[in-house]
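Trainee: In my numbering, the protein residues as written are 255 to 405. Even for Gly, the Cβ is constructed at its ideal location relative to N, Cα and C. The structure presented is a predicted model; accordingly, all values stated were derived computationally and were not measured.
1. Does DSSP classify residue 330 as helix, strand or coil?
2. Answer yes if the segment 321-337 comes into contact with the segment 274-291, meaning at least three C-beta pairs across the two stretches below 8 Å, and no otherwise.
3. Locate the beta strand (DSSP E) running through residue 308, then write down its first and last residues.
4. Please name the residue in 313, 350, 353 whose C-alpha comes closest to that of residue 343.
5. For the candidate residues 271, 356, 367, whose alpha-carbon lies nearest to that of residue 386?
6. Note the first and the last residue of the continuous beta strand (DSSP E) segment covering residue 292.
7. Quick check on the DSSP output: the beta strand (DSSP E) that includes residue 368 runs from which residue to which?
8. Take residue 315 and list the residues in its own chain whose beta-carbon comes closer than 7 Å to its own, dropping the five residues that flank it on each side.
9. From residue 293 to residue 303, what distance separates their C-alpha atoms?
10. List the DSSP bridge partners of residue 345.
11. Straight-line CA distance for residue 330 to residue 320?
12. Beta-carbon within less than 7 Å of residue 328's beta-carbon, same chain only, minus the 5 sequence neighbours each way: which residues are those?
13. Let me confirm a value: residue 376 is counted as buried when at least 16 other C-beta atoms fall within 10 Å, else exposed. Which label applies?
14. Give the straight-line distance between the Cα atoms of residue 356 and residue 345, rounded to the nearest whole angstrom.
Given below as structure tokens:
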């Protein structure tokens, strides 16, 4: 966009851990927004960004006794995906999300960098699912950065 302004997109997600038996779930966050990097940056490159987009939280509950009954009553050679909705219950919520983040990268060359550390706070206006709240999230990141485009 400019010498020290970039337009960035981010898609991330995670599997929910520690849920009760027969309950699984995941989150998906998709955002876009401006990133500021100082023009004077040498090898160490700090950044700050504000992103807007959405967050989707999905959970599925499995009912094992009902699955046994459905499987027993099913015709031979019936595909499992055809019967799946008869012994599970899905819940989801999808809403607006905002994130503010910043961090420091080390340039390895024009296309590659190493993220020493990034910190992000995200607020999403999603409703609670099965008594769990996913509105406020904190994320710490590190890893390899691949820059695509004009460096």
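Mentor: In short, the structure shows the following:
1. coil
2. no
3. 298-316
4. 313
5. 271
6. Segment: none, residue 292 is in no beta strand (DSSP E) and carries neither H nor E.
7. 366-378
8. 276, 277, 342, 343
9. 15 Å
10. 313
11. 18 Å
12. 337
13. buried
14. 33 Å
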